[in-house]
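S.K.: Numbering (my numbering), first residue to last: -3 to 411. We put the beta carbon where it would ideally sit given N, CA and C, even for glycine. Please read these numbers as outputs of a predicted model, since none were measured by experiment.
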């Protein structure tokens, strides 16, 4: 990292270089101060008195079945898979009913059992929120928030939904599967950006700007692109995202925490499906951090509307996966300084020529939230990548240069 001299000491940098760095720092500071003071930042509103999942984990750690202690929730997915495989169907169901907030989030537990456990957990969380709507200890705004959460949990608990992860604590985390995850040959994981929580997980207006709508659009586009390919898409909001475009969004702390969870998800996916990560906005920061230790089953990482991937060059990501990037010409993210200084910022612009990603067309996207809109080239490109047809994508530049050398990235530092 660049160091700056004390006032009056000889400068270790040429004057023009030092001036450029200071101007970039000033620009970065101004951008985030403006965003923070003009309504772009927010305060998390839902802070329950207790953490229900922590209580469930504590109960699990003290529990047993058939006289034997339960395995650590932190065990490797294959260890947990063997544990559940050793149980009868009745025993598995009993664990899901007794510890739904644990079983529903265990990487390695059978997928269908996780769906069942999370439905139970959602029904219990819905009851809690219903009681809160009548609480005299809440403000009217607090009761309204409880009502919104109650209705969201009602929706998520419907029988036809496949909820892979759920945690009601704080603003809530959730992940949903579209398609048959157990039988899928190709799996796409959508990693969304700022302000993603249980209430913003789906929207009735411009649905494709929220994780559920993104996943539904991509799943339909993949089926249209390759009807014979068994695909599944995961709307993955199972990490704590920044609130607003403020200091949290300008640093990598939440991305680092999210990357750990993303890697764990990929390692635990059933079968031998190949995986594509489709990462939007701050989600691309999460994917950039995660890329440095991804499972080799991840063949592609595609980012859209990215503020950076915590890297100066694609080779710094140290992955064998192909790196794709796109940005709509009207996306406001282009105005954010693509740099990293003192922990602020996320590095180089992934669509810049010097970064080394394969730059895709985002035609039709219309701004920062439009990349998954039906009928757009951006969505079609994500679908072709998701079904394993990278040679069919449309490049941003004329001549199709982004589709050359479609093997693993030629990168001496790849793992």
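Report, in whole angstroms, the separation of the C-beta atoms of residue 275 and residue 282, which I expect to be a contact under 8 Å.
M.R.: The sequence position of residue 275 within the chain shown is 279, counting from 1. The sequence position of residue 282 within the chain shown is 286, counting from 1. Confirmed, about 7 Å.
S.K.: Can you check whether the CB of residue 393 is closer than 8 Å to the CB of residue 355?
M.R.: Residue 355 sits at position 359 when you count from the first residue of the chain shown. Residue 393 sits at position 397 when you count from the first residue of the chain shown. Yes, they are a contact pair.
S.K.: Roughly how far, in whole angstroms, is the beta-carbon of residue 186 from the beta-carbon of residue 159, given that I think they are within contact range, below 8 Å?
M.R.: Within the chain shown, numbered from 1, the residue matching residue 186 stands at position 190. Within the chain shown, numbered from 1, the residue matching residue 159 stands at position 163. The pair is not a contact, with the Cβ atoms about 15 Å apart (cut-off 8 Å).
S.K.: Would you identify the three-state DSSP class for residue 40, choosing helix, strand or coil?
M.R.: Here residue 40 refers to the residue found at position 44 of the chain shown. With a pLDDT of only 44 at residue 40, under 50, the local geometry of the prediction cannot be trusted, and the value read off the model is given with reservation. In the structure shown, residue 40 sits in coil (DSSP, three-state: anything other than H, G, I, E or B).
S.K.: At the level of alpha carbons, what is the spacing between residue 215 and residue 63?
M.R.: If you number the chain shown from 1, residue 215 lands on position 219. If you number the chain shown from 1, residue 63 lands on position 67. The straight-line gap from Cα to Cα measures roughly 44 Å.
S.K.: Enumerate in chain order the residues of its own chain whose CB-to-CB distance from residue 399 is below 6 Å, with the five nearest sequence positions on each side excluded.
M.R.: Position 403 of the chain shown, counting from 1, holds the residue named residue 399. 387.
S.K.: With 8 Å set as the bound, which would you pick, yes or no: does the beta-carbon of residue 243 sit closer than that to a beta-carbon of chain C?
M.R.: Checking the listed chains, one finds no chain C in this structure; it contains a single protein chain.
S.K.: Going by beta-carbon coordinates alone, are residue 369 and residue 322 separated by less than 8 Å?
M.R.: Position 373 of the chain shown holds residue 369. Position 326 of the chain shown holds residue 322. A distance of 8 Å or more separates the beta carbons of residue 369 and residue 322.
S.K.: Could you pull out every unbroken alpha helix (DSSP H) segment of at least 4 residues lying fully inside the stretch 196 to 255, listed in chain order?
M.R.: 207 to 221 and 243 to 246
S.K.: Hey, is the stretch 253 to 267 in contact with the stretch 181 to 196, meaning 3+ C-beta pairs nearer than 8 Å?
M.R.: The count of Cβ pairs closer than 8 Å, one atom from the stretch 253 to 267 and one from the stretch 181 to 196, reaches three, so the stretches are in contact.
S.K.: Evaluate the contact criterion for the stretch 97 to 113 versus the stretch 70 to 85: three or more CB pairs, one atom per stretch, below 8 Å.
M.R.: yes
S.K.: Buried or exposed: residue 125, going by 16 or more other Cβ atoms within 10 Å of its Cβ?
M.R.: Position 129 of the chain shown holds residue 125. Buried: at least 16 other Cβ atoms inside 10 Å.
S.K.: Ignoring anything shorter than 4 residues, give me the alpha helix (DSSP H) runs that lie fully in the stretch 62 to 94, in order along the chain.
M.R.: 73 to 81 and 85 to 94
S.K.: Does the separation of the CB atoms of residue 211 and residue 174 fall below 8 Å?
M.R.: Position 215 of the chain shown, counted from the start, is the residue given in the question as residue 211. Position 178 of the chain shown, counted from the start, is the residue given in the question as residue 174. Going by C-beta atoms, residue 211 is nearer than 8 Å to residue 174.
S.K.: Given a threshold of 16 other Cβ atoms within 10 Å of its Cβ, counted over all protein chains shown, does residue 336 qualify as buried or as exposed?
M.R.: Within the chain shown, numbered from 1, the residue matching residue 336 stands at position 340. With 16 or more other Cβ atoms within 10 Å, it is buried.
S.K.: Residue 347 by DSSP, collapsed to three states: which one?
M.R.: Residue mapping note: residue 347 aligns to position 351 of the chain shown, counting from 1. Coil at residue 347, not helix or strand.
S.K.: Measuring CB to CB, does residue 170 end up less than 8 Å from residue 180?
M.R.: Within the chain shown, residue 170 is the residue found at index 174, counting from 1. Within the chain shown, residue 180 is the residue found at index 184, counting from 1. No. Outside cutoff.
S.K.: In angstroms, rounded to a whole number, what distance separates the CA positions of residue 154 and residue 112?
M.R.: Numbered from 1 along the chain shown, position 158 holds the residue referred to as residue 154. Numbered from 1 along the chain shown, position 116 holds the residue referred to as residue 112. Roughly 11 Å separates the two Cα atoms.
S.K.: Quick one, are the C-beta atoms of residue 375 and residue 213 less than 8 Å apart?
M.R.: As a working note, residue 375 is residue 379 in the chain shown. As a working note, residue 213 is residue 217 in the chain shown. It is a contact, given that the beta carbons lie within the stated cut-off.
S.K.: For the alpha helix (DSSP H) that residue 178 lies in, which residues bound it at each end?
M.R.: Here residue 178 refers to the residue found at position 182 of the chain shown. Unbroken run through residue 178: none, as it is neither H nor E.
S.K.: Given that a residue counts as buried once 16 or more other Cβ atoms are within 10 Å of its Cβ, and exposed if not, what is residue 361?
M.R.: On the chain shown, residue 361 is found 365 positions in, with the first residue counted as 1. Its Cβ being crowded by 16 or more others within 10 Å, residue 361 is buried.
S.K.: Contact between the stretch 93 to 103 and the stretch 117 to 132: three or more CB pairs below 8 Å?
M.R.: yes
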